[in-house]
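There are 2 protein chains.
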Amino acid sequence: MPDREAAQDQALGAAEELFYSRGIQAVGMDAVRNASGLSLKRLYQLFPSKEALVLQFLNRRDRQWRQALAHYVDSHTTPDEQVIAVFEWLHTWFSEPDYRGCAFINSFGELGGISPEVAAQARRHKQAFRDYLVALVTATGRPATLGDQLVLLAEGAITTAAITGSPQPATQARDAARLLMLAYSRHNRAHSDVSQ
Amino acid sequence: MPDREAAQDQALGAAEELFYSRGIQAVGMDAVRNASGLSLKRLYQLFPSKEALVLQFLNRRDRQWRQALAHYVDSHTTPDEQVIAVFEWLHTWFSEPDYRGCAFINSFGELGGISPEVAAQARRHKQAFRDYLVALVTATGRPATLGDQLVLLAEGAITTAAITGSPQPATQARDAARLLMLAYSRHNRAHSDVSQ
DNA sequence: CGCAGGAGAGAACGCTCGTTCTCACCTTGC
DNA sequence: GCAAGGTGAGAACGAGCGTTCTCTCCTGCG
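Residue numbers (numbering that gives the first Met the number 0), protein chains in the order written: chain A, 0 to 195; chain B, 0 to 195.
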C-alpha cells in the first residue's frame, strides 16, 4: 500500500482541475482515473464513491483557498491595509488564466438542490470567509455591519469576474470598499444614518 | 397541431421549475415530460434537443426576470428611489420559498465550462442587468462607476442569499448602496479620491 | 363510411456513467 | 522458491440518459 496519503493528494489534485474547469457532473471517474494516473480500483479504495471524492475535493479546496488568502493578507501590516488586501488578492485570483469563479458557488448551483452535503459544504466555506473578513474589519475599529457589506462586494466580484472573464470587478470592489470604509471611519460615524 | 405556442410555454414552464430547483444535468427529459404533461414526441418536435430546451429556458427566464424587476422599479418615481428599489425587489425575490440563486450563475457554474452557448447566455443576461442598473444610476446624475459597484453588491447579495438561505443580504446591500450613493452625491463628489 | 395522417404512450436503442469483477502480474515474508 | 495477497489495466454490469421508433388510437375530410 504505497503512500496512501500521496495517492489521495494526487487524486484530489486531478479531480480539482477537472471538476473546477468542467463542472462536477460532466467529469466521470474515468477522467479522474486518466488524469490522476491511478487505477479505478485504487481510486475506489481511497474514496468509497464519487460523492466522497467530491466532498473531499471541496474540503481541500476550502483549506487551500483560505490559506492562500490569509497568507497574502498577513503580508500587510495595518488593519486597514489588510482589509484592502483581500480585494487585491481577489484580483490576482481572477487573473489566473483558467479562473472560472468560486468552486463552492458553482458546486452549489450544480448540486445544491439535490445534495444536502454539497450545500452544507458551500455554506461552511462562505461562513468561514465571512467570519474572516468581519474579523479583519472589526480589527480596524469598524462595525461587523461593514464586514457583511464587504462580503457582498467580494462575492459579487467573484461571480462577475467569472462570467465577464475580466479581473476588473476586483478593482471596482476595492474602490467601493474604500468608500464604505471611509463612510464607517470614526470621523464620519456619527453622521451615518442609512435607515429609511 | 393544437397551439404550438401554448405547448412550448407549458414545456418551458415545467423545465424552468425543474432546472431551477434541481440543476440542469440532474433533470432528464422524462422528468420534463411528466411535469409538462406533454409526450416525448411532442417535446422533441417543439425543441430539437435538450440543449435547445435549456437555451430557450434561459432566454425566457432572462425576459421574465428583467421584466419583473423593471415593473417594480417603474412603480417608483425619483431616480434615487428607483436605484434603491432594485435592492428592495431583490429582497422580495430572495424571500420566495424556493429561491435558489440566479439561474444564470447556476447554469454558468454547471455548464459554462463545457457549453459556450450557455456561457454566452449568462454573459448576455448579466450585461443587460449591468446596463439597466448603470442607466438608473446615471439618471441620478452619478457616474457609471457607481453603477458597476452597485452591480457587485447586487450579485453578491444574490449568491449570498442563495447559500445562506436568508433574504438579509438584500438589506445589507441596500444599506451599502445608500452609503455609496451618498459618497457619490454632488455634495461629496469633489472630495472623493479612492486612488491608491 | 373509410381512410390517411398525426398524436400519445411508452418501449427500445445506443451510449455513458458509477461501480465491481476478472485476471495476469508483481511483490514479499517464510 | 513459493504461496498469498495486493495491484494495475481494463472488461463487465446495471442503471440512467437523450433520442428515436412502434403501435395504437383518434380525428377530420372526401
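Cβ atoms here follow ideal geometry from the backbone N, Cα and C, with glycine treated the same way. Since the structure is predicted, the reported quantities are computational estimates derived from the model, not experimental observations.
Boundaries for residue 75 (chain B): no alpha helix (DSSP H) harbours it, and the DSSP string shows neither H nor E there. Between residue 9 (chain B) and residue 37 (chain B) a beta carbon distance of about 7 angstroms is seen, short of the 8 angstroms cut, so the two are scored as contacting.
Looking at A:80, A:120, A:149, A:17, the one whose alpha-carbon comes closest to that of residue 112 (chain B) is A:17. Residues of the segment 69-93 of chain A with a C-beta atom less than 8 angstroms from some C-beta of chain B do not occur.
Taking the Cβ atoms as the reference, residue 110 (chain B) lies roughly 27 angstroms from residue 169 (chain B), outside the contact range of under 8 angstroms. Distance from the Cα of residue 11 (chain B) is smallest, within the candidate group B:25, B:63, B:48, B:59, for B:59.
Contact between residue 177 (chain A) and residue 163 (chain B) fails: their C-beta atoms lie close to 26 angstroms from each other, not under 8 angstroms. With respect to residue 156 (chain B), residue 172 (chain B) sits close: the two C-beta atoms are nearer than 8 angstroms. Note that the C-beta distance between residue 100 (chain B) and residue 108 (chain A) is below 8 angstroms.
Residues of the segment 148-169 of chain A with a C-beta atom less than 9 angstroms from some C-beta of chain B are 148, 149, 150, 151, 152, 153, 154, 155, 156, 157, 158, 159, 161, 162, 163, 164, 167, 168, listed in chain order. The criterion of a C-beta distance shorter than 8 angstroms is satisfied by residue 52 (chain B) and residue 14 (chain B).
Burial check for residue 126 (chain A): the Cβ neighbour count within 10 Å stays below 16, so the residue is exposed. In terms of CA proximity to residue 134 (chain A), A:78 leads the group A:87, A:114, A:184, A:78.
For the segment 16-50 of chain A, the set of positions with a beta-carbon nearer than 9 angstroms to some beta-carbon of chain B reads 19, 20, 21, 22, 23, 24, 25 in chain order.
Against chain B, the CB of residue 121 (chain A) has a partner CB under 8 angstroms away; the residue lies at that interface. Chain B places a beta carbon closer than 8 angstroms to that of residue 108 (chain A), counting this residue as a contact. Against residue 130 (chain A), chain B offers no close residue; the least beta-carbon distance is about 13 angstroms (beta-carbon pairs closer than 7 angstroms). Assignment of residue 113 (chain A) by DSSP, reduced to helix, strand and coil, places it in the coil class. Judged by beta-carbon spacing, residue 160 (chain B) lies beyond the 8 angstroms limit of residue 71 (chain B), meaning their Cβ atoms are not closer than that value.
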